[in-house]
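2 protein chains.
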Amino acid sequence: MNPNPSATAFTAALPLAPLGDDTLRQRVQTALDQKTKPQGSLGRLEALALQLALALNDEQPQMLQPQLVVFAADHGIAAQGVSAFPAEVTRQMVLNFLAGGAAVSVLARQHGLALTVAECGVAADFDPHPMLAVLKVPGAEHGTADSTQGPAMSRAQCEAALQHGRHLVAGLPGNVLLLGEMGIGNTSAASLLMTRLTGEPLVHCVGRGTGLDAAGMARKVDSLKRALDRHAEATAPLDALAAMGGLEIAAMVGAVQQAAASGRVVVVDGFITTAAVAVAAALQPRLADLLARCVFAHCSQESGHARWLQHLGVRPLLNLDLRLGEGSGAALAWPLLASACCILAEMASFQSAGVSGRQG
Amino acid sequence: MNPNPSATAFTAALPLAPLGDDTLRQRVQTALDQKTKPQGSLGRLEALALQLALALNDEQPQMLQPQLVVFAADHGIAAQGVSAFPAEVTRQMVLNFLAGGAAVSVLARQHGLALTVAECGVAADFDPHPMLAVLKVPGAEHGTADSTQGPAMSRAQCEAALQHGRHLVAGLPGNVLLLGEMGIGNTSAASLLMTRLTGEPLVHCVGRGTGLDAAGMARKVDSLKRALDRHAEATAPLDALAAMGGLEIAAMVGAVQQAAASGRVVVVDGFITTAAVAVAAALQPRLADLLARCVFAHCSQESGHARWLQHLGVRPLLNLDLRLGEGSGAALAWPLLASACCILAEMASFQSAGVSGRQG
């Protein structure tokens, strides 16, 4: 299971918890087909119910104590003017998450999702707070270095951030992890990872982020080209992550790995969280088994996201022109996951309800 | 307001409650733009929040006591073999709704939506039940006549069904109506209305309903052609509704009218409920003001629905390959409406949270 068995201190991938087998798949499909509705008429909700049953290895899956974690960090590349917002917004938004005023705060409250802010390297030192997990990495306490000038992280820092994500999830209750993120400049890091991992030309991977104008876009593309040139040798997933990624993305890679290792469902939000899943998938020999645990909540308006989802071979649930991040799309999709479980658990069968089946 | 002022006993349209004005629109847009997120980054959720504010004429709209009504009736045209399921399923599903075992029962329970079954002409007589409203029409107690043989309803029966829908909604609490329907054969009635109201060729308006095979589809298309030929003169909306529609569709037309007259939001489900909204819109001189109150929950897999939504100039929230009806799609979209209201009510502003705005 370990692609790098010579490394004793750090393993790039974790063994995956088993998915439900074909017998379970058939039992769930039969149960869905016997519910009082034309077969398949609940469309993607039925596919979702089957996915959750297999992911949780349970004929009647129940999602317990869902955890939404917003991974936050600052990015050295923000100094290149790649964002419409100043870097201090990362810190300010962490305080906003903790105070309950951000979009994801509102949506998590609406749906009863436990919210944790994982501070992976924000350019600030926060007072303790019950919702705050401080996951700073030595030497990168206030964010990554500027990847146009050198590596964003050392390999050791990248591995430490990843381990932090694993440990955080290992300590969280429940069987569902919803991913969110915050970090001025992190669409730049995600775009760099996308072009390096997928081979897509950079222009297909860069978007307006929080709302760049044309001049800002030109600046962003130029900066990303320079970072790519500087790190041309960083082609392996972890090398690319260290050279051009972000601390919160690295922590999310570890979080996804730990969630998959412990048999959880992962709800993926937008472009940045997809970057983390893509890195985790690239590190995982059984890529399909990792993706089978991931529910892709929505297709972001951020240019590149739709194409990346296609590369991964997955289809998102929602398409609401969102481009906020924070986990807001994951939270908005959450009731659909809950509905899928309710359908399996509570709907009557043709037999139990005395409803006639198809004729002829 | 009344397009047929000579009719004293029955008016084809009702006066609409006023929508919020441009001042309110600007206030809400400003409030959205000052929330701690890049402008527009919550995409269609922001547009939905604005729509709900205007529909409820309230800068901070609150949706109160949402009512999901499943309008059920039988259809004479079912005798032509236009459905994959036998007609007795309408009655059986009404009992399933009341027993809490249908998809819409499960979803309404999940989201705290009050569920009413409006029995508008099912081929059965039901025992009283607290969730059941009996809205039978004299002479059509057990459903419409077969529209391939004659008019489905007399004009008087059609008007009576419509009035029933109005009275039902007038007696319901709350400010949101979610539309659902059940009736074996009712995609046929809706397809006939679509081709007559939009001018689209029949082939663009007919789909597989609950799951017809190729032979069933041929039978359905042939039956609908005969009905269209027989009622070639029924071109006005109410004439078409009486000649080829359904009792539950007529009742929903009235329900939509009453909801719009009393200032409610209407959540539209799939193909059949869209038929009712389209008839109500065709009867309404201020068509856009009626549609402004309607949230289109999803695009059904039923062939024709996407095109009908285009004709109405509206965009649905979800696209989950649903084709069940019952109001299941309306219920699945419900949390998005709730989220839109929460965002307006609860999110912090840049100022209140001390978050910096755009730079440059």
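First to last, the sequence lines map onto chains A and B.
In short: position in the first sequence from 1, add 183, done, that's the numbering used here.
In short: position in the second sequence from 1, add 183, done, that's the numbering used here.
Quick reminder that beta carbons are idealized off the backbone N, C-alpha and C, glycines included.
In the pairwise beta carbon analysis, the segment 271-283 of chain B is classified as not touching the segment 232-246 of chain B: fewer than three pairs are separated by under 8 Å.
In summary, the residues of the segment 270-285 of chain A whose CB is separated from some CB of chain B by less than 9 Å are E271, V272, Q275, M276, L278, N279, A282, G283, G284 and A285, in the order they occur in the chain. The beta carbon of M400 of chain A does not come within 8 Å of any beta carbon belonging to chain B, so the residue lies off that interface. The continuous beta strand (DSSP E) containing L315 of chain A extends over residues L315 to V317. Separation of the CB atoms of S511 of chain A and L505 of chain A is rounded to 6 Å, and the pair is thereby assigned contact status at 8 Å. Cβ-Cβ separation between A236 of chain B and L527 of chain B: approximately 7 Å, consistent with a contact (criterion under 8 Å). Contacts with chain A at 8 Å (Cβ-Cβ) do not include E302 of chain B. For Q542 of chain A, the closest alpha carbon among the candidates B:G537, B:G264, B:V305 and B:L360 is that of B:G264. Around the Cβ of V386 of chain B, a 10 Å sphere holds fewer than 16 other Cβ atoms; the residue is exposed.
Using a CB distance below 7 Å, the part of the segment 519-530 of chain A facing chain B consists of L519, A521, S522, C525, I526, E529 and M530, ordered along the chain.
At a cut-off of 8 Å, the C-beta of A236 of chain A has no neighbouring C-beta in chain B.
In this model, G537 of chain A and L225 of chain A are separated by some 20 Å (Cα to Cα).
For F533 of chain A, the secondary structure class from DSSP, reduced to helix, strand or coil, is helix.
Legend: CB atoms of the segment 428-443 of chain B lying less than 8 Å from CB atoms of chain A are not found in any residue.
A contact is defined here as three or more CB-CB pairs under 8 Å, and the segment 354-373 of chain B meets this definition with respect to the segment 446-458 of chain B. Beta-bridge annotation (DSSP): V252 of chain B is paired with B:T299 and B:L362. For K403 of chain A, no CB of chain B lies under 8 Å from its own CB, so it is not counted at the interface with that chain. Counting C-beta pairs with one atom in each stretch, the segment 292-307 of chain A and the segment 340-349 of chain A have three or more that are closer than 8 Å, which means they touch. Excluding its 5 nearest sequence neighbours in each direction, A373 of chain B has C-beta neighbours in its own chain below 6 Å: F454, I455 and A458, listed in chain order. DSSP, read as helix, strand or coil, puts K220 of chain B in coil. Counting along the chain, the unbroken alpha helix (DSSP H) around C341 of chain B starts and ends at R338 to A353. DSSP lists no bridge partner for F268 of chain B. Between the segment 478-486 of chain A and the segment 191-198 of chain A, the count of Cβ pairs shorter than 8 Å is below three; the stretches do not touch. Shown here for Q245 of chain B: same chain residues with a beta carbon closer than 7 Å to its own, the five before and five after excluded, namely C524 in chain order. Around the beta carbon of G368 of chain B, 16 or more other beta carbons lie within 10 angstroms, which makes this residue buried.
For V448 of chain B, the enclosing beta strand (DSSP E) starts and ends at V448 to V451.
D504 of chain A reaches chain B at G226 and R227, counting residues in chain order whose Cβ is nearer than 7 Å. Distance from the Cα of R227 of chain A is smallest, within the candidate group A:E529, A:L501 and A:G508, for A:L501. DSSP assignment within the segment 382-415 of chain A yields the following whole alpha helix (DSSP H) runs of 4 residues or more, N-terminal first: 397-413.
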